[in-house]
Amino acid sequence: MEEGVRRDKETQHGQARDGKVLEAILAMSGQERKDIRTYSPLALAYIGDGIYDLVIRTMVVVRANMPAQKLHHLTIQYVSARAQSGIIQNLLQAGILTEEEMDIYRRGRNAKPHTMAKNATVAEYKQATGFEALLGYLYLTGHMERLLELVKEGIRLTHFLW
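In my numbering, the protein residues as written are 7 to 168.
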């Protein structure tokens, strides 16, 4: 492969490595970044749920190469409303969130969801929704490092078995 072509491909792939996944997705879909204030807290929670699930699945897979069913059982320990509620409670108690992050969390927690979790209380479900809204906000504003920092610290504070 010619040196210039190799460098161009490395640059294209480097975009994703440098936290530019959102920009790549927006470009692929022909969309532009919108004002984050126009998103409902439940829309933020929807994307935050997906991002959190991807982060946890990635952590589980890179730690253990095992059958998918076992991977699933490990993953659900971290992605349940009860687990997410525990994570956000510990982050709040530790005083780790900024004022802006607290506002986003509260908006998500106070939103009126159309469904409820099967294995969680209403309070746990609302706290988990607030946590997911915060993660969605961080993702859509391009703050993946902060998102990963909060997930890592939340897992550590919650004493999950990583």
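Glycine included, each C-beta is placed from N, C-alpha and C at the ideal position.
All figures in this text were calculated on a predicted structure; none of them were measured in a lab.
Helix, strand or coil at residue i [DSSP, three-state]
{"i": "ASP41", "result": "coil"}
{"i": "ILE31", "result": "helix"}
{"i": "ASN71", "result": "coil"}
{"i": "MET65", "result": "helix"}
{"i": "GLY56", "result": "helix"}
{"i": "GLY148", "result": "coil"}
{"i": "THR135", "result": "helix"}
{"i": "ALA126", "result": "coil"}
{"i": "PRO119", "result": "coil"}
Residue i versus residue j: straight-line alpha-carbon distance, rounded
{"i": "ILE42", "j": "VAL61", "result": "22 angstroms"}
{"i": "LEU156", "j": "THR64", "result": "16 angstroms"}
{"i": "ALA66", "j": "SER91", "result": "Position check: residue 66 holds Val in this sequence, whereas Ala was assumed. Approximately 20 angstroms between the Cα atoms of the pair."}
{"i": "GLY54", "j": "GLU107", "result": "13 angstroms"}
{"i": "ILE102", "j": "LYS76", "result": "32 angstroms"}
{"i": "GLN174", "j": "GLN99", "result": "Residue coverage of the chain in this structure runs from 7 to 168, which leaves residue 174 outside it and unanswerable."}
{"i": "GLN95", "j": "GLN83", "result": "16 angstroms"}
{"i": "LEU146", "j": "ALA30", "result": "12 angstroms"}
Cβ-Cβ separation, residue j to residue i (assumed contact under 8 angstroms), whole Å
{"i": "TYR131", "j": "ALA87", "result": "5 angstroms"}
{"i": "ALA28", "j": "GLY148", "result": "In the sequence as displayed, the identity of residue 28 is Leu instead of Ala. About 6 angstroms; that satisfies the 8 angstroms criterion."}
{"i": "ILE57", "j": "LEU153", "result": "7 angstroms"}
Query raised in the report: Do three or more CB pairs link the region 149-164 to the region 112-123 at distances below 8 angstroms?
Result: no
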